[in-house]
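Let me begin by presenting the structure, written as structure tokens, before commenting on it.
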Amino acid sequence: MVCPVCGGDDCRVVDTRASGDGIRRRRVCQDCEHRFTTFERIELRLPLVVKSDGKREPFLRDKVLMGLSLACRKRPVAAEAIEQAAVRVEQAVMTAGAEISSEDIGRRVLDELKTLDKVAFVRFASVYLDVQSPIEFLDLIAPLVEPASVEPTSGEPSTGEGA
Ligand SMILES: [Zn+2]
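This note's numbering puts the first residue of the sequence shown at 1, with every later residue one more than the last.
This is how it looks when you write it as structure tokens:
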């Protein structure tokens, strides 16, 4: 454990206690006598997120939640639905193995947004997918425009009028 003040690596544990879903330890740096507390979560072994530059960082559900919330800002999406989407993404991440790419997480977030709110989806996608041109943007939203409302043109007899 490295001291956050002086960077010395000789820190003594002076107190250990279980706290919530983890362990809290009081530590004292032997070099500068700085006292600090560390918290270790024990129940979850979340994979590391591999970013596009190759750096690894711990997975944080709050980041996913923030991304979802920002995308859904001022959209008619319930906070609860956003929360549930974040939980689903977290569950997918937890079963992904030791590492998961940030790209993979982004795609899962996109999948959630696609069903939550199409405007939110486009917002997130335009940032996440780094859309550079209007053409790319059209490519992105084209699959969202449902062709279902188009009237049938050929002479297919319509069925199912009911008994
Ligand atoms: Zn120190």
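Beta carbons: idealized from backbone N, C-alpha and C, even for Gly. Being a predicted model, the structure only gives us computed values, none of them experimental.
| query | So is the beta-carbon of C72 under 7 Å away from any non-hydrogen atom of ligand 1? | reply | no
| Straight-line Cα distance separating V49 from L173 | The chain is shown only over 1 to 163; residue 173 falls outside these bounds and no answer can be derived.
| Can you tell which of E112, G7, P47 has its C-alpha closest to the C-alpha of Q84? | E112
| For V5, is the beta carbon positioned less than 7 Å from some heavy atom of ligand 1? | yes
| task | Would you mind sorting V13 into buried or exposed? The rule is 16 or more other CB atoms within 10 Å of its CB. | result | exposed
| query | Straight-line CA distance for A79 to V64? | reply | 13 Å
| request: Might you give, ordered along the chain, the residues of its own chain that have their beta carbon closer than 6 Å to the beta carbon of E90, omitting 5 neighbours on each side? | output: R61
| request: Flag this pair as yes or no: are the beta carbons of M1 and R27 separated by less than 8 Å? | output: yes
| query | Tell me, which residues are paired with E112 by DSSP? | reply | Paired residues: none, contrary to the question.
| request: Specify the secondary structure class of L56 as computed by DSSP and reduced to three states. | output: What sits at residue 56 in the sequence shown is Arg, not Leu. The answer is strand: DSSP assigns R56 an E or B state.
| request: Quick one: residues in its chain with C-beta nearer than 6 Å to the C-beta of L144, no 5 flanking neighbours on either side, listed in chain order? | output: K118
| field | Per DSSP, cross-strand counterpart(s) of V28 | value | R12, R35
| query | So P47 packs on G97, CB below 8 Å; how close in whole Å? | reply | 6 Å
| request: For S102, name the three-state secondary structure that DSSP assigns. | output: helix
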